[in-house]
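Residue numbers (our numbering): 406 to 723. Note that beta-carbon positions come from the ideal geometry of N, C-alpha and C, so glycine has one too. Here's the structure we're looking at; comments come further down.
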């Protein structure tokens, strides 16, 4: 990786200067501005959706992730004006690496709620375990990437030492493996729920719980006729809600696939090193990171739970 001198003012960069920069090229200004606009629109929409539909989950996940994407692409625009400056280069590396961690946290949590709604008997893990295991893995991934990124940002040595780079790579690969396992379990759940093929042991336990709950509700109502009438209404609402959850999980699926695609790219990029082929060719950053991440965040805008599930009356979990 070339040395990273810090300039204090913008200058017109020659091709030789761009080649000597940390990028190996000068980031294209209009590309950076385009992604700034796209992620800003998505961020504002997520804020509006979270407030209007009372889904606070989007604030610590999607909103933060979108904001990091905006900062990262703003840093790349800064670099387009001053390509030899070290700060924007490190800023865009760190923020664009961090952002998907928050998107995946949303996917993990939402799928846990979807499993509760569509049928825990179709899932290998219980909804609580989905949240506990995968969100914990997300935190570990974030810590590894934060340590590596912070170390890289604080060093004055060029090229950046291997150790912080390796820590960042470890965090990205850990996140990638976690998302692949999650996607497999999620696909297995959705296939079983669609084909009505539950895990027998879990189905038996849940059926027994439902029988006990139904008996208790019938006794409280005091009338079998009232209980049946209520059950018909509940079933109709339940069916509409279940159809809505299929759309929500479609958004999670699209988001997950995009995160996995981007994870493969980032892993190979950093393994190649700071002077590797991928990191020195802008098109890969734009096509294999920027576009997938926008598709990921836009998919959960489009398939937001508020569009497809019953309207909430208050701020509930998630």
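Kindly indicate which three-state DSSP category residue 488 falls into: helix, strand or coil?
-> Locating residue 488 in the chain shown gives position 83, where the first residue counts as 1. Coil.
Cβ neighbours of residue 469 in the same chain (closer than 7 Å, five flanking residues each side left out) = Start at 1 with the first residue of the chain shown, and residue 469 comes out as number 64. The beta carbon of residue 469 lies closer than 7 Å to those of 507 in the same chain, with the five residues before and after it left out.
First and last residue of the uninterrupted alpha helix (DSSP H) at residue 578 = Within the chain shown, numbered from 1, the residue matching residue 578 stands at position 173. Bounds of the alpha helix (DSSP H) holding residue 578 are 567-600.
Quick one: Cα of residue 491 to Cα of residue 427, how far?
-> Here residue 491 refers to the residue found at position 86 of the chain shown. Here residue 427 refers to the residue found at position 22 of the chain shown. One C-alpha to the other measures close to 8 Å.
Three-state secondary structure (DSSP) of residue 451 | As a first step, residue 451 must be located in the chain shown, where it is residue number 46. Helix at residue 451.
Tell me which same chain residues have a C-beta within less than 7 Å of the C-beta of residue 704, skipping the five on either side of it?
-> Counted from its first residue, the chain shown places residue 704 at position 299. Only 656, 659, 660 meet the Cβ criterion.
Return yes when the Cβ of residue 669 is within less than 7 Å of the Cβ of residue 708, no when it is not.
-> Taking the chain shown and counting its residues from 1, the one referred to as residue 708 is at position 303. Taking the chain shown and counting its residues from 1, the one referred to as residue 669 is at position 264. With respect to residue 669, residue 708 sits apart: the two C-beta atoms are not nearer than 7 Å.
Span of the alpha helix (DSSP H) around residue 710 = Taking the chain shown and counting its residues from 1, the one referred to as residue 710 is at position 305. Start and end: 710-713.
Neighbourhood of residue 528 by C-beta, 6 Å cutoff - its chain only, sequence neighbours within 5 removed | Indexing the chain shown from 1 puts residue 528 at position 123. Answer for residue 528: 520, 594, listed in chain order.
Can you list, in chain order, the residues of its chain whose CB lies under 7 Å from that of residue 523, leaving out five sequence neighbours each side?
-> By 1-based counting over the chain shown, the position of residue 523 is 118. Within the same chain, residue 523 has close Cβ partners 598, 647, 650.
Beta carbon of residue 694, beta carbon of residue 667: below 7 Å?
-> Residue numbering aside, residue 694 sits at position 289 when the chain shown is read from its first letter. Residue numbering aside, residue 667 sits at position 262 when the chain shown is read from its first letter. Taking 7 Å as the Cβ cut-off, residue 694 and residue 667 qualify as a contacting pair.
Where residue 685 falls: helix, strand or coil (DSSP) = By one-based count along the chain shown, residue 685 stands at place 280. Looking at residue 685 - three-state DSSP - the assignment turns out to be coil, as it is neither helix nor strand.
Would you mind stating whether residue 458 and residue 711 have Cβ atoms separated by less than 7 Å?
-> Counted from its first residue, the chain shown places residue 458 at position 53. Counted from its first residue, the chain shown places residue 711 at position 306. Closer than 7 Å, so yes.
Would you tell me roughly how many angstroms separate the C-alpha atoms of residue 481 and residue 684, rounded to the nearest one?
-> The residue you call residue 481 lines up with position 76 of the chain shown. The residue you call residue 684 lines up with position 279 of the chain shown. Residue 481 and residue 684 have their C-alpha atoms roughly 13 Å apart.
Where does residue 571 land, buried or exposed, given buried means 16+ other C-beta within 10 angstroms?
-> Position 166 of the chain shown, counted from the start, is the residue given in the question as residue 571. Residue 571 should be labelled exposed.
Cα-Cα separation, residue 551 to residue 500 = Within the chain shown, residue 551 is the residue found at index 146, counting from 1. Within the chain shown, residue 500 is the residue found at index 95, counting from 1. The alpha-carbon atoms of residue 551 and residue 500 are separated by roughly 10 Å.
Does the Cβ of residue 456 have 16 or more other Cβ atoms within 10 Å, making it buried, or fewer, making it exposed?
-> As a first step, residue 456 must be located in the chain shown, where it is residue number 51. Under this definition residue 456 is an exposed residue.
Along the alpha helix (DSSP H) that carries residue 704, what are the first and last residues, could you check?
-> Taking the first residue of the chain shown as position 1, residue 704 is located at position 299. Per DSSP, residue 704 belongs to the alpha helix (DSSP H) from 696-707.
Under 7 Å between C-beta atoms of residue 579 and residue 546 = Mapped onto the chain shown, residue 579 falls at position 174. Mapped onto the chain shown, residue 546 falls at position 141. It is a contact, given that the beta carbons lie within the stated cut-off.
Residue closest to residue 513, alpha-carbon to alpha-carbon, out of 530, 539, 533, 505 | Walking along the chain shown from the start, residue 513 turns up at place 108. Closest by C-alpha distance to residue 513, out of 530, 539, 533, 505, is 539.
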